[in-house]
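Working notes for the structure below.
In the numbering used here, the protein residues as written are 7 to 73.
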């Protein structure tokens, strides 16, 4: 079950705003994985997967993998 908290004065929901922020931060980390600790890159990858599941999207295969 998905709940939305209305944002004041906009059509977006509070939850979508938070997901957008998290997604943006995760993408920044995954653009330069060599500049971050492996655990941070792994968490960013897992965060993106979680966000895509919440939004009902397929997980993109283009995310870089760290050994």
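Beta carbons are placed, not taken as given, at the ideal position from N, Cα and C, and that holds for glycine.
All values reported here derive from a predicted model rather than from experimental measurement.
Beyond the five residues adjoining it in sequence on each side, residue 60 comes within less than 7 Å, by CB distance, of 25 in the same chain, given in chain order. In chain order, 57 place their CB closer than 6 Å to the CB of residue 29, counting only its own chain and leaving out the 5 sequence neighbours on each side.
In chain order, 28 and 32 place their CB closer than 7 Å to the CB of residue 53, counting only its own chain and leaving out the 5 sequence neighbours on each side.
Judged by DSSP secondary structure, residue 58 falls within the alpha helix (DSSP H) whose first and last residues are 44-61.
With fewer than 16 other Cβ atoms inside 10 Å of its own Cβ, residue 44 counts as exposed.
Contact annotation: residue 42 and residue 55 have beta-carbon atoms that are not nearer than 9 Å.
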